[in-house]
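Residue numbers (my numbering), protein chains in the order written: chain G, 1 to 86; chain Z, 1001 to 1405. Below you'll find the structure, written out as C-alpha cells, and then a few comments.
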Amino acid sequence: MEIVKISAIWCGGCLKTNKAIKKVKENYKDITISNLDYDMDEEKVAPLNVGEILPVMIFYKDGKEVARLIGEKNYDEIVEVIKRHV
Amino acid sequence: MSKLNKIIITIFLLFLIFLPTNIFALSSDYKDVVHEIVGEKEVKDKVTIYFFHGYSCPHCKEETGFLDQLEKKYDGKILIRKYETWKEENKQNAKWANEVRHHFGITREGVPLTVVGEKYYSGYSDVIGYRIEKQIDLYLAEEESDDDQEKTIVESNKYKIPILGEIDVTKASIFLIAVVLGFIDGFNPCAMWVLLFIINMLLGMEDKKKMFILGFAFLFTSAFIYFLSMLGISFVLGNFTGVLRSLIGVVGIVLGSVQLYNYYQTRNREDGCVVVDKKKRKNITRKITSIKESRNFFLALIGVISLAVSVNLVELACSLGFPATFSEILTINNVDLIMRIVYLLIYVFMYMLDDIVVFIISMSTLSLVGMTTKYNKLVKLIGGIIMILMGILLIFKPEWIMLRF
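Written out as C-alpha cells, the structure is:
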C-alpha cells in the first residue's frame, strides 16, 4: 500500500496531521508514504484534483486509488482506512 | 371667618407643609462640589448642572439642545449653569473648567464637560445624555427611598467581592470583554498562515539570535499595526457619535450574518486548511524568499516589518467587525485615553496569543507546529453570533453596552 499526502507549509492542520502520519510510518513499516507540497510540487499535485481543503491523503493499492482522506486527521482515522483496505 | 374659609386655609397650610417634602427632597448622595470652584452659592433644593462649553464646538451645541429639553422636563427641579470657555473674554471660565478637571482627575481636555453632583461627563453623545438624565433621576429620588438597587447605582459601580476586594464592575466587564473578544478575534485563521510561512523560513536560518529577532519583529509589528488601527477607529468613533454607531451596528450584523452563512455552508465540510488565494500566496512567498536570501540582516529586518504591515492591514479587513465593535464599546463607556490604551493592549495581546504560542513552541522545539483546525468552524459560529448580537445592541440598546449594572 502507498499513501500520498498533499500538504503545505502554511497550513496548521497539515502540521497536526504530520504527527499522526509519523506514527503511522513507525507502526506500518511496509507502507510507502510520500509527501507532496501544494506549492512546490504544483505539476504533480494538479492532476490529483485536490480540492480547496488541505491536507489530502490519497491511498493507493496496486497502483489504484482506493481511498481519500480530506482535512486534518488523527492517527486512528488514518489507521481505520488502512485496515479497511489491507 | 366663615367655616368654608377656615377649611380652605387649613388645606392651603397643609398643602404648604407637604409641598416642600414632595418636590424638593434631594437624595443624600447629592453633593454639589463645583459651586466652590466657580464661586457660586450652593442651591440646596435643586440638582445643579455645570456645563462647560465652547461657542463653536458641535458637540456642545448638541448638548445645549439636550439641556434645554431637560430644563423643560425637570421644570424647577434642576438648575443649569453654563460656562463658555473658548472666547477671549471667558478666560476665567476656562480656568474654572481646568480646576474642575483637576478636582475629578480628568485627563481628557476639551469641552463639553458636564458635572452633575459628583459625576462628571467629558464629551457628549446621546448615551452620555441618557446617563446625565439617569443621574438626575437618582439625585431627585426621595430621601426615604429604601430601594437598595438605586443606592448601588449611586455608589458608582463598585461591588465588594470576596478575596478580590472592591471591584468596579464596569472596568471589570470591559476587561473581560477585551479578553474574550480579543481571543475569539485571534482565532480567525486569516493571519496565521503567514506566520507559519515566516517561521518556516526562520527555522532554516543558522543564527538563532537573528532568527528570534526577525520572528519577534514580525509579531511585534503585527500587534502594533492592529493596536494603532483600533486606536484610530476609536478616535473616529469618539468624534462622530449616534449615526456612526448605528452604522457600526449594521456592519456588525452584516459581517456576522455572512460568517453564519459561511458556517452553514461549510458545516459538514472536513476540518482542515482552506487554500488561500493563489496570487496572494505567491506574492507573499516571493517576499519571504527575498528576505531569506538577503545577506544584509537589516534589509531582512525591514523586509519582515514591511511584510507584517501589509499583511495586517489586509487582515484587519478580514475581521473588521470585532475591532470596530470593541472600539465602540470603549467610546460608549467614555473610557479616557490612558485606559483606552490599556484595554486595547489587553485586546491585542489576546488577539496575538495563539500566534505567540505557536511561535515560541516552534522556536524552542525547532520544528514547525500548527494550531489544530478542529475548532475553526465552532469559532466561526460563535464569532458570527457575537457580532450579530453586538450589532443589534449598538443600534437598539446602546445603554446596555454602557455596562452599568
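For each residue, glycine too, the CB sits at the ideal point set by N, CA and C. All figures in this text were calculated on a predicted structure; none of them were measured in a lab.
With a threshold of 16 other beta carbon atoms within 10 Å, Tyr1264 (chain Z) falls short and is exposed. Listed along chain G, no residue sits closer than 8 Å to Phe1218 (chain Z) by beta-carbon distance, the nearest being about 14 Å off.
Interface residue (Cβ-Cβ distance to chain G less than 7 Å): Trp1193 (chain Z) is classified as such. Note on geometry: alpha-carbon atoms of Met1352 (chain Z) and Phe1322 (chain Z) lie some 14 Å from one another. Counting C-beta atoms within 10 angstroms of its own C-beta, Trp10 (chain G) has 16 or more neighbours from the protein chains shown and is therefore classed as buried. Residue environment analysis places Ala46 (chain G) among the exposed positions, since fewer than 16 neighbouring C-beta atoms fall within 10 angstroms of its C-beta. Exclusion of the five residues before and after Met1339 (chain Z) leaves no residue of its chain whose Cβ lies closer than 7 Å to its Cβ.
Taking all protein chains in view, the Cβ of Phe1396 (chain Z) is surrounded by fewer than 16 other Cβ atoms within 10 Å, so the residue is classified as exposed.
The CB of Glu72 (chain G) comes closer than 7 Å to the CB of Asp1271, Gly1272, Thr1372, Thr1373, Lys1374 in chain Z, given here in chain order. Taking 9 Å as the cut-off between beta carbons, the residues of the stretch 39-71 of chain G near chain Z are Asp39, Val50, Gly51, Glu52, Ile53, Leu54, Pro55, Val56, Leu69, Ile70, Gly71, in sequence order.
Per DSSP, the beta-bridge partners of Cys1273 (chain Z) are G:Leu54. Listed in chain order, the positions of the stretch 5-20 of chain G with a beta carbon within less than 8 Å of a beta carbon of chain Z are Ala8, Ile9, Trp10, Cys11, Gly12, Gly13, Cys14, Leu15, Lys16. Collapsing the DSSP output to three states places His1102 (chain Z) in a helix. Per DSSP, Ala67 (chain G) is one residue of the beta strand (DSSP E) stretching across 64-70. His1053 (chain Z) sits in a strand when the DSSP states are folded into three classes. Taking CB atoms only, Val1254 (chain Z) has no neighbour in chain G less than 7 Å away.
The residues Ile1284, Val1311, in chain order, have a CB closer than 7 Å to that of Val1194 (chain Z) in the same chain once the five nearest residues on each side in sequence are set aside.
For the C-beta of Phe1197 (chain Z), the chain G residues within less than 9 Å are, from N- to C-terminus, Ile9, Trp10. For Glu1084 (chain Z), the pairing in a beta bridge is given by DSSP as Z:His1053.
At a cut-off of 7 Å between beta-carbon atoms, Val1275 (chain Z) makes contact with chain G. Beta-carbon to beta-carbon, Leu1219 (chain Z) and Phe1066 (chain Z) are separated by about 46 Å, too far to satisfy the 8 Å threshold. Counting along the chain, the unbroken alpha helix (DSSP H) around Asp1354 (chain Z) starts and ends at 1337-1365. Taking 8 Å as the upper bound for CB-CB distance, Val1251 (chain Z) and Leu1320 (chain Z) are in contact here, some 7 Å apart.
A Cβ-Cβ distance of about 7 Å is found for the pair Gly1117 (chain Z) and Asp1032 (chain Z), placing them in contact under the 8 Å criterion. In this structure, DSSP gives Asp37 (chain G) an extended state, which the three-state scheme calls strand. In the DSSP assignment, Thr1289 (chain Z) falls within the alpha helix (DSSP H) that extends over 1278-1293.
Residues of chain G with a Cβ closer than 8 Å to the Cβ of Arg1281 (chain Z) are, in chain order, Trp10, Asp39. Neighbours of Thr1285 (chain Z) in chain G, taken as residues at a C-beta separation under 8 Å, are given in chain order as Asp39. Below the 9 Å Cβ cutoff, chain G contributes Ile9, Trp10 as neighbours of Asn1200 (chain Z), in chain order. For Leu1113 (chain Z), the uninterrupted beta strand (DSSP E) segment begins and ends at 1113-1116. Annotation: Leu1378 (chain Z) has no Cβ neighbours in chain G at a cutoff of 8 Å; minimum Cβ distance is about 14 Å.
For Leu1203 (chain Z), the closest Cβ of chain G is not nearer than 7 Å.
Excluding sequence positions up to five before and after Ile1401 (chain Z), its CB lies within less than 6 Å of the CB of Ile1329, Ile1332, Leu1393, all in the same chain and listed in chain order. Residue contact with chain G for Leu1368 (chain Z): present (Cβ-Cβ distance below 7 Å to some residue of chain G). For Glu52 (chain G), the closest C-alpha among the options Z:Asp1271, Z:Leu1247, Z:Asn1200 is that of Z:Asp1271. Taking C-beta atoms under 8 Å as the contact rule, Leu1344 (chain Z) and Met1230 (chain Z) qualify, at a distance of about 5 Å.
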